[in-house]
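Student: Top line first, the protein sequences correspond to chains B and Y. Counting from 408, one number per residue, gives the positions in the first sequence under the working numbering. Counting from -14, one number per residue, gives the positions in the second sequence under the working numbering. Questions regarding the structure given below will be posed in turn.
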Amino acid sequence: MIPLSWYLTLSAALFSIGMFGVLARKNAVAILLGIELMLNAVNINLVSFWRYNNPVLMDGQVFAIIVFAVAAAEVAVGLALVISIYRRRNTVVADEIDLMKW
Amino acid sequence: MNIDFILFLVLALAAIATALGMLLSRNAVYSALFLVLNFAVVAVFYLLLGAPFIAMAQVTVYAGAIMVLFLFVIMLLGADELAPGKALPWQRPLAATLAVVLVIEAAYLLLARGAPSGLVTPPTEYTNSTESLREMALALFGQYLLPFEITSILLLVAMVGAIVLAKQEKGGRR
């Protein structure tokens, strides 16, 4: 059986790649893609903890499903915001969306 | 070397490679397609962990619905090419440093210090998949009924919010 720490390390690596995407990309859609990758890494953590802790209780899988739903909601609202911003300011580059910057 | 380990290593390499491909491709459409591939690989990980329902939900919800939404928006906006240059000069190296530090820290904690205590070695036998699906449905609609309903309200609110945000304003101020 694969040790739990391998799964957690893989999840940490995916999370870090997603975080780099969020911090370094300029396209707002690409930033949302990075957030998706981070949520996915969290889901790997949840399912592997469920598997290695007590597979009889289904809590981990239930949480993973709730994370799916929250990710779907987040993407819908985020992409709607991107479309709205693009319509008003004609850009999706995050550096140029500085209306609230003082 | 067990077959499980070989499978895990190959899949882990595929997951990391597709994630890096998502990160490094300059075309946003390629980025999204690499992420679809990454989600498919992660679904195989869920199968490996004995969670077939999560794996199928991953394929349908993530790789299906969410990524189609992404591709739709990318093609709608025509923002498939990222304009190079004009970045903040310190932003990219700083982000790379932070991400590398985070992953090294996590790998050190997890690998050098071992798994957290209290987590016992798992039962080697997978539970029967239909039985585990039944157990999960009972948990979802029994013990976790209230969070489930709150999630459905959240989805409804997100749907209404997305429609309101993306709606074309008729003759209003622009």
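The beta-carbon is built from N, C-alpha and C at its ideal position, and this holds for glycine as well. Here the structure is a predicted model, which is why all the values come from computation and not from measurement.
(1) Apart from the five residues on each side of it in sequence, which residues of its chain come closer than 7 Å, Cβ to Cβ, to residue 55 of chain Y?
(2) Quick check on the DSSP output: what are the complete alpha helix (DSSP H) runs of length 4 or more inside the region 447 to 496 of chain B, in order along the chain?
(3) In this structure, does DSSP put residue 12 of chain Y in helix, strand or coil?
(4) Compute the Euclidean distance between the alpha carbons of residue 454 of chain B and residue 440 of chain B, then round it to the nearest angstrom.
(5) What residues in the region 39 to 58 of chain Y have a beta carbon less than 8 Å from any beta carbon of chain B?
(6) Does residue 500 of chain B come out as helix, strand or coil in the three-state DSSP assignment?
(7) DSSP has residue 434 of chain B in a bridge; who is on the other side?
(8) Report the start-end ranges of each alpha helix (DSSP H) in the region -5 to 43 of chain Y that is 4 residues or longer and not cut off at the edges.
(9) Is any beta-carbon of chain Y found at less than 9 Å from that of residue 376 of chain B?
(10) Run the CB neighbour count on residue 97 of chain Y, radius 10 Å, all protein chains shown included, and call it buried at 16 or more, exposed below.
(11) When you compare each of Y/19, Y/92, Y/47, Y/38 to residue 415 of chain B by their alpha carbons, which one comes out closest?
(12) Check the C-beta distance from residue 51 of chain Y over to residue 479 of chain B and give it rounded, since I have them as a contact under 8 Å.
(13) With 16 as the cutoff for other CB atoms within 10 Å, does residue 60 of chain Y come out buried or exposed?
(14) Cutting at 6 Å between CB atoms, please list the residues of its own chain near residue -1 of chain Y, excluding the five before and the five after it.
(15) Strictly under 9 Å for the Cβ-Cβ distance: is residue 134 of chain Y near chain B by that measure?
(16) Check the Cβ of residue 1 of chain Y against every Cβ in chain B and list those closer than 8 Å, keeping chain order.
(17) State the CB to CB distance for the pair residue -4 of chain Y and residue 7 of chain Y, rounded to an integer number of angstroms; the pair is presumed to be in contact (CB under 8 Å).
(18) Pull up the CB-CB distance for residue 446 of chain B and residue 80 of chain Y, whole angstroms please, since I reckon it's below 8 Å.
(19) Do you know how far the Cα of residue 48 of chain Y is from the Cα of residue 74 of chain Y?
(20) From which residue to which residue does the alpha helix (DSSP H) around residue 85 of chain Y run?
(21) Exposed or buried, what is residue 76 of chain Y when buried is set at 16 or more other beta-carbons lying within 10 Å of its beta-carbon?
Tutor: The answer reads as follows:
(1) 17
(2) 466 to 496
(3) strand
(4) 21 Å
(5) Listed by position along the chain: 39, 42, 43, 46, 47, 50, 51, 54, 55, 58.
(6) Correct three-state label for residue 500 of chain B: strand.
(7) B/500
(8) The region -5 to 43 of chain Y contains, as complete alpha helix (DSSP H) runs of 4+ residues, the segments 13 to 33, 37 to 42 (chain order).
(9) Lying outside 408 to 509, the shown extent of chain B, residue 376 of chain B is not represented and no answer is given.
(10) exposed
(11) Y/92
(12) 6 Å
(13) exposed
(14) 26
(15) Not an interface residue.
(16) 417, 420, 421, 424
(17) Not confirmed; about 16 Å, so no contact.
(18) Their Cβ separation, rounded to whole angstroms, is 19 Å, which puts residue 446 of chain B and residue 80 of chain Y out of contact at 8 Å.
(19) 34 Å
(20) For residue 85 of chain Y, the enclosing alpha helix (DSSP H) covers residues 76 to 92.
(21) exposed
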